[in-house]
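The block underneath contains the structure these notes are about, expressed in structure tokens.
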Amino acid sequence: MLLLRKMPCLFPAALCSSLLFVNSEALSNTVDQGQLIDMSLEQLMNVEVFTAATLIPTQTAKAPGTVYSFSQADFKRYGVRRLDDLLQFVPGFQVNQYRKRHRSIWARGLQQRYNNKMVLLIDGVRQQHLYYGHFSLGDDLPLERIEKVEVILGAASSVHGANAFSGLISVTTRNFSAQPETEVSFEVGNNDRAKITGLYNSANVQVFASYLEQEAPFDEDRLSFIGSETLQPLDEDYQSLQIKANPFQGLNLSLDYRKSETPFVFIPSTQDAFVESEFLSVAASYKVGDVSKGMIELQVYYQYDDGREFELEQATQTLGYEEFQDATMGGISVNAFRRFSDHTLAVGMSVQHEQAENTKFERRFSFSSGFLPTPITGDLLSDPDIHNDDYAVFFQDVWAPNDNIEITLGVRYDDFSQFDEYINYRAALVYSPQESHVWKLLYGTAIRTPSFREYLKVLEGMSFTAPIPEAESLKSIEVGYGYLGRKWDFNVTAYHNDYDDSIQERPTPDNSDEYFANEDGGLEAQGIEFRLSYGRGSDWDLTTSVSYIDSSSDDFDDLPYVASWSGSLLVGYQWLPDHRIGLSAIYNDSRPDLNTIAQDKAESFVVANLFASGPIGPRLSYEFGVDNLFDEKVYDPAADFGGQFNNEKPRREVWLKLQWSPQW
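3 is the number of the first residue of the sequence shown in our numbering; add one for each residue after it.
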């Protein structure tokens, strides 16, 4: 069985970015790309491979661009319970708390109110909230269902299309098991946290389900986004169900359902506000052949995304505001791979359809004026029936002229029904003069098309007409070096990015709403990222990372909201066989904001976490942790249009998890 991950509808081809820490034992197996392609799944499990970069299995250290990979074992090693917590350990990533109870991932200085400058793939299928262009990486995507996480930093549109602008996060869910197995986990913690997950796995069928209820981890004295006191219910819950089937070799079917209700935690004290979401994705992937003689892969998927935001007037609990953000997305792709001597070629074509379904709103209450004499009704979008189609083709060549050099060349053409035509490309060189040394060089481009909200948002109660923004564009160059030793390894990457037509949020002339427009001038960012890991195979291990970003625009010498310096530290000790204790810390430099409020400054911070894990019996294990060990009060900048009060990060959380694997 070949290992070639199911790939997204719109996105096949090559890569973009620059470097990673990798298992030195895997590198010592002098395996070239051709051998990797022809390996069985069992053989590939013994070599650390990266798939999202070129769509074919490649040794992680030799994958072009800046790439990072995390396995199930790493989730325990880092002591994390959520995917966005894990990503804080990626150099160049900054995780920002937003008032609607989600976290945004800022990569290499590109701040964003929502996660709309990256692409999220789950088992090769893009997942995206079309109204905001957003995706969530928190409690609605449980780590218990995930096998592997691959991260690409930098321009990746030549492979994965629009919005693979500052990077890509590719999640692979649990593999099928040769023999039937069951796993059940229970987790409890403060903030009334209670979580249960269950997994049934076999050679042809897999079922995963989870349920979580808790209170959002914020103090009662938190302030709203306009700086006033706020007091409202914090209850939230998350539900998920995933069913996967492999009825015969080559065919994979999946159903992914998620539902959540969370508080809009920084709303004014006149209202209780909530965000409800319901998501369904069905997908089918079929592949035949092998890369050495020719492989064809077909993928089809359909998604329905149901979003609802509503506000209750606090005294009467009467519905004061309600809006819907329903949309559908679907697509089909056909990709072909074939190796010819020193060249491995990939070609493909795809179609993706995005459609707004229901974006109506009704306002009965305003925090500034109370209940309205006549409700205001309308639509969030100026074109409620908007749809956007993307027709794309790509080509990629991975050329290995000798054992020490791999050259990746790729180009992708996209034609959007609502936007222009775009061509993105990249060229990457990986040079390995010795087993312990890897050099990388990459140049690539990317685009990000506006979300429905950015180019069709209706502004309430005003005659001002917002311009329609154009797609953002990026040109990126990277150079990296990595050393891979027996006990320790490190890598360093330097990059320079030029952004044009950056889409920024701005206040309307009367300051009562916001709209989106392209910046007249360009943005620039350059930086360096460093990661060191030591102690592999010993009782002690240490991993640390440091990132520096220098970003500017025509309006700012240093872009607001972005920390110039950030980093992480992980120290672990195996104090008994299979028992591990660890301490981690996340650091961000101070982040300038644009408001005039004194008590909410986004100062520099260090958030420490303590955790432990190990077996209790043959089929029972535990994990324990204290997040934000010293209960630091930290504010993240409100990356709106400048005047909003900053948002508080979660305070201390204490948790315990038990996992049981009953025997069949």
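Idealized CB from N, CA, C, for every residue including glycine.
Check the DSSP bridge columns for residue i and list the partner residues they point to.
i       : result
Arg-582 : Gln-576 and Ser-615
His-498 : Ile-479 and Gln-528
Met-297 : Gly-291 and Phe-339
Pro-249 : According to DSSP, which records beta bridges pairwise, Pro-249 is partnered with nothing at all.
Arg-365 : Tyr-323 and Ile-378
Ile-107 : Val-97
Val-440 : Gly-484
Tyr-424 : Asp-416
Thr-546 : Leu-534 and Leu-571
Gly-122 : Sequence inspection shows Leu at residue 122; the Gly mentioned does not correspond to that position. DSSP, once it has assigned bridges, lists Ile-171 as partnering Leu-122.
Ala-519 : Gln-506
Phe-397 : Val-349 and Val-413
Leu-155 : Thr-68 and Gly-169
Lys-659 : Glu-189 and Glu-625
Gly-463 : Gly-463 is not bridged to any residue.
Val-609 : Ile-588
Thr-330 : Tyr-306 and Gln-357
Ala-275 : Glu-313
Thr-199 : Ser-187 and Ser-212
Glu-650 : Tyr-637
Ala-402 : Beta-bridge pairing links Ala-402 to no other residue.
State the DSSP-derived secondary structure class of residue i, mapped to helix, strand or coil.
i       : result
Tyr-624 : strand
Tyr-457 : helix
Asn-48  : Unreliable placement is indicated for Asn-48, whose pLDDT of 45 sits below 50; no coordinate value is reported for it.
Phe-188 : strand
Lys-64  : helix
Ala-75  : helix
Glu-215 : strand
Arg-260 : strand
Tyr-133 : coil
Ser-434 : strand
Ser-160 : helix
Glu-146 : helix
Tyr-70  : strand
Leu-85  : helix
Tyr-445 : strand
Gln-241 : strand
Gln-114 : coil
Trp-666 : coil
Asn-31  : Residue confidence is low: Asn-31 scores 35 on pLDDT, short of 50, so the model does not pin down where it sits. No coordinate-derived value is stated.
Phe-220 : coil
Just mark residue i as buried or exposed, buried being the case when its beta carbon has 16 or more other beta carbons within 10 Å.
i       : result
His-104 : buried
Glu-423 : exposed
Arg-128 : buried
Glu-222 : exposed
Met-464 : exposed
Thr-598 : exposed
His-439 : exposed
Ser-586 : buried
Cys-11  : The pLDDT assigned to Cys-11 is 35, lower than 50, so where the model puts this residue is not dependable; a value taken from the coordinates is nonetheless given after this. Classification of Cys-11: buried, given that the 10 Å Cβ count is 16 or more.
Trp-108 : buried
Asn-406 : exposed
Ala-205 : exposed
Ala-285 : buried
His-345 : exposed
Val-290 : exposed
Thr-56  : buried
Ala-600 : exposed
Glu-437 : exposed
Any heavy atom of the ligand SAH closer than 6 angstroms to the CB of residue i?
i       : result
Leu-571 : No copy of the ligand SAH appears in this structure; indeed no ligand is present at all.
Measure how close the beta-carbons of residue i and residue j come, nearest whole angstrom, since I'm counting them as under 8 angstroms.
i       : j       : result
Phe-268 : Arg-101 : 4 angstroms
Arg-84  : Gly-94  : About 19 angstroms separates the two Cβ atoms, so there is no contact after all.
Ala-169 : Val-153 : The question names Ala, but residue 169 is Gly in the sequence shown. About 7 angstroms; that satisfies the 8 angstroms criterion.
Ala-473 : Phe-421 : 6 angstroms
Asn-288 : Leu-253 : With the sequence shown as reference, residue 288 is identified as Tyr, and Asn is not the correct amino acid for it. Right, the Cβ-Cβ distance comes to about 5 angstroms (below 8 angstroms), so this counts as a contact.
Asp-258 : Gln-241 : Incorrect: roughly 12 angstroms between the Cβ atoms, too far for contact.
Phe-454 : Leu-383 : 6 angstroms
His-131 : Asp-307 : 6 angstroms
Ile-198 : Ser-179 : Actually they are not in contact, since the Cβ atoms of Ile-198 and Ser-179 sit about 21 angstroms apart, beyond 8 angstroms.
Ile-470 : His-498 : Their Cβ separation, rounded to whole angstroms, is 30 angstroms, which puts Ile-470 and His-498 out of contact at 8 angstroms.
Pro-265 : Phe-281 : The Cβ separation is near 19 angstroms, so there is no contact.
Arg-593 : Tyr-563 : 5 angstroms
Ile-505 : Pro-452 : 6 angstroms
Lys-150 : Phe-72  : 7 angstroms
Gly-81  : Gly-156 : Their Cβ separation, rounded to whole angstroms, is 28 angstroms, which puts Gly-81 and Gly-156 out of contact at 8 angstroms.
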